[in-house]
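Report on one structure; see the data block that follows.
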Amino acid sequence: LDADPKDFKDVKALVVDPTCSGSGMIGRVDYLIREFGGGSKASSRIEGIAKFQKQILMHALSFPSAERVVYSTCSVHRQENEDVVKYVLEQNPHFRLRMALENWPRRGINSEKDKKGGAMKEVDGSHERYNMRNCVRTDPVGDLTTGFFVAVFERTGPEPEKISRGLVKSEAAKMRINASKVGKIRKLDFSAGANPRSKKQKRSRKSKRVK
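Residue numbers (our numbering): 230 to 440.
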């Protein structure tokens, strides 16, 4: 988060692999139980991690020339995966989800919790920009591998080149303004007689003419 996007104007692709719960990592069950406990403690801890994940992903999408950003976790929790992606897409209308690993069978989940009953319900994923089926999931049991999640963000507009040109133009405009200010100051200095040497030269010329 300390990296200033303005210092990396030419970066076109970023990989965001933030801190996560590690819930998809095989052989870490004992560690996860000690670290997160259970019930409300586990839930609040995951919420805190998800908040950081949203911040760092939002930061990555703010790089002016970024064309694609890959978001990846080794978590199986929806709060750290689809929920983070959905939130970030809502805040960044110039990005959409691009299909990742098209031939992989296990995809992202287009679902959310019903606030009233707490049950899972299917939501509309027909809009390609929000369709979590573009994302990839793996399951430690079903796929016999580490559980992880991958989403690919793709810029749809404004074009990165236009943004870069805009930044260059703004910098050039600042330089012109500064140069004009310096020129005005110099003119004011000379008109106000701030150069004593020029006065002496004029006086010497006048004295020569009188002689």
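Where a beta carbon is used, it is the ideal one built from N, C-alpha and C, also for glycine. In this text the structure is predicted, and so the values were computed from the model without any measurement.
ask   = Taking the Cβ atom as the reference point for each residue, do G337 and C303 lie within a distance shorter than 7 Å?
value = no
key: F324 - DSSP class collapsed to helix/strand/coil   = strand
request  = In the DSSP assignment, find the beta strand (DSSP E) that holds T302 and state where it starts and stops.
outcome  = 297-302
query = Considering only residues of the same chain and omitting the five flanking positions on each side of M287, which have a CB-CB separation below 7 Å?
reply = V317, Q320
message = Using 8 Å for Cβ pairs, my map puts N310 next to F378. What's the rounded Cβ distance?
response = Between F378 and N310 the Cβ distance is about 4 Å, and since that is below 8 Å, they are a contact.
query = Which residues bound the beta strand (DSSP E) around R384?
reply = 378-384
Beta carbon of D246 nearer than 7 Å to that of S301 = Taking 7 Å as the Cβ cut-off, D246 and S301 qualify as a contacting pair.
inquiry  = Residues in the same chain with beta-carbon distance under 7 Å from I255, minus the five sequence neighbours each way, listed in chain order, please.
reply    = P369, T375
inquiry  = Can you look up V305 in the DSSP assignment and give me helix, strand or coil?
reply    = Coil, per DSSP.
Contact set for R327: own chain, Cβ-Cβ below 6 Å, skip 5 residues either direction = V381, E383, listed in sequence order.
Where V244 falls, given that 16 or more other Cβ within 10 Å makes a residue buried = Exposed is the call here.
query = Just to confirm, are P234 and P322 a CB contact at a threshold of 7 Å?
reply = no
request  = Quick one: using the 10 Å Cβ neighbour count with 16 as the cut-off for buried, is R358 buried or exposed?
outcome  = For R358, the number of other beta carbons within 10 angstroms of its own is below 16, and it is reported as exposed.
request  = Just the C-alpha distance for F312 and N339, rounded to the nearest angstrom, thanks.
outcome  = Rather than Phe, the amino acid found at residue 312 in this sequence is Asp. Taking the straight line joining both Cα atoms gives about 10 Å.
key: Residues near V299 in its chain [Cβ-Cβ closer than 6 Å; skip 5 each side]   = V244, V381
task = Along the beta strand (DSSP E) that carries V240, what are the first and last residues, could you check?
result = Premise fails: V240 is in no beta strand (DSSP E) and is neither H nor E.
ask   = Roughly how many angstroms separate the alpha carbons of A279 and A289, rounded to a whole number?
value = 15 Å
ask   = So R325 and T385 are in contact, right, with Cβ under 8 Å, and what is the actual spacing, rounded?
value = 5 Å
inquiry  = Per the DSSP calculation, V365 is bridged to which residue(s)?
reply    = The partner list for V365 (beta bridge, DSSP) reads R336, V379.
Pick from L373, N363, V305, R307 that is closest to L330, judged by C-alpha positions = Nearest Cα to L330 within the set L373, N363, V305, R307: N363.
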